[in-house]
Amino acid sequence: MRSYRKLLTRTTAVGAVALAAFSLQPGTATAAPAPDPSGSVHTKVVGGTKAGQGEFPFMVRLSMGCGGALYAKDIVLTAAHCVDGSGDNTSITATGGVVDLQDSAAVKVNSTKVLQAPGYNGKGKDWALIKLAKPIDQPTLKIAEDTKLNNGDFTIAGWGADKEGGEQQRYLLKATVPFVDDATCQKAYGDQLTPGDEICAGKLDTGGVDTCQGDSGGPMFRKDDAGKWLQVGIVSWGEGCARPGKPGVYSEVSTFAADIKKAAGQLGG
Ligand code: ARG
Numbered sequence: 216m217r218s219y220r221k222l223l224t225r226t227t228a229v230g231a232v233a234l235a236a237f238s239l240q241p242g243t244a245t246a247a248p249a250p251d252p253s254g255s256v257h258t259k260v261v262g263g264t265k266a267g268q269g270e271f272p273f274m275v276r277l278s279m280g281c282g283g284a285l286y287a288k289d290i291v292l293t294a295a296h297c298v299d300g301s302g303d304n305t306s307i308t309a310t311g312g313v314v315d316l317q318d319s320a321a322v323k324v325n326s327t328k329v330l331q332a333p334g335y336n337g338k339g340k341d342w343a344l345i346k347l348a349k350p351i352d353q354p355t356l357k358i359a360e361d362t363k364l365n366n367g368d369f370t371i372a373g374w375g376a377d378k379e380g381g382e383q384q385r386y387l388l389k390a391t392v393p394f395v396d397d398a399t400c401q402k403a404y405g406d407q408l409t410p411g412d413e414i415c416a417g418k419l420d421t422g423g424v425d426t427c428q429g430d431s432g433g434p435m436f437r438k439d440d441a442g443k444w445l446q447v448g449i450v451s452w453g454e455g456c457a458r459p460g461k462p463g464v465y466s467e468v469s470t471f472a473a474d475i476k477k478a479a480g481q482l483g484g
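Under this note's numbering, the first residue of the sequence shown carries the number 216, and numbering increases by one thereafter.
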């Protein structure tokens, strides 16, 4: 949930042209639907496909319309723009353990506390932790602690829109997007990008594959050298979804790894 003030902070620097297309708001598309660049009926989620049950067991859906990943069994790592602030908060429900949100096996747990990135003001620092009332008994997702693997091909997953202006999804969708370096991403977004805080990914030439509204807070990840999933990003923002020349922008997890660890300690994790 974003306040109007925060949205303004984000959009003032963007300029009038992009105003309608930029959104950090979870689950809400503000732009008019663009032609579907994937052009295929069986291609889902802006170029994705259905994830298998248990394929990404750390994935969590949050009730405000965001994604997240289990940092600990009782702590979800998500985006700062998905939450209202820090403090006691029992209003969020996390759903885990399923790809189908309507599966009767879904594990639903309420939040007890939220910790939004200290100093978050709508530009960069887009991370937050949610403490759960009880653990979700699924494998957690390790976070990148250095920049070594902030490159290559990344996996993205979420229940967000399958196209710009599209609907939230019942089934978890996944896709693969290539890393886009800061200099190239800055050409697309100028001052909007906070290069130290953000890492970009997407198919620059063709577009067609991306996260989208409602995927926010979810992880972007890849295999580490031992073949284990490693979180390198958090879905944050982009201009529209899957547009050529407009990569997805993700919080750069390695930048915040120490802060996240400290914050998790404060939440008792
Ligand atoms: N801010 C959006 C949300 O709340 C995520 C947008 C991601 N956009 C993109 N083009 N990758 O869900």
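Note that CB positions come from ideal geometry on N, CA and C, so glycine has one too.
Between the C-alpha atoms of E413 and Y465 there is a straight-line separation of about 5 Å.
Of the heavy atoms belonging to the ligand ARG, at least one sits nearer than 8 Å to the Cβ of C297.
The three-state reading of DSSP puts C400 in helix, counting H, G and I together.
Looking from the CA of K346, the closest CA among T362, V324, N365 and G337 belongs to V324. Around the CB of R385, fewer than 16 other CB atoms lie within 10 Å, so the residue is classed as exposed. Here the stretch 391 to 406 does not lie against the stretch 466 to 481, with fewer than 3 beta-carbon pairs under 8 Å apart. A Cβ-Cβ separation of about 16 Å leaves G460 out of contact with T426 under the 8 Å criterion.
Counting of Cβ neighbours within 10 angstroms places D406 among the exposed residues, the total staying below 16. A residue is called buried when at least 16 other Cβ atoms come within 10 angstroms of its Cβ; D430 meets this threshold and is buried.
The three-state secondary structure of K378, taken from DSSP, is coil. Distance from the CA atom of A321 to the CA atom of D352, rounded to whole angstroms, is 11 Å. From the listed residues L285, G334 and T399, the smallest Cα separation to I449 is found for L285.
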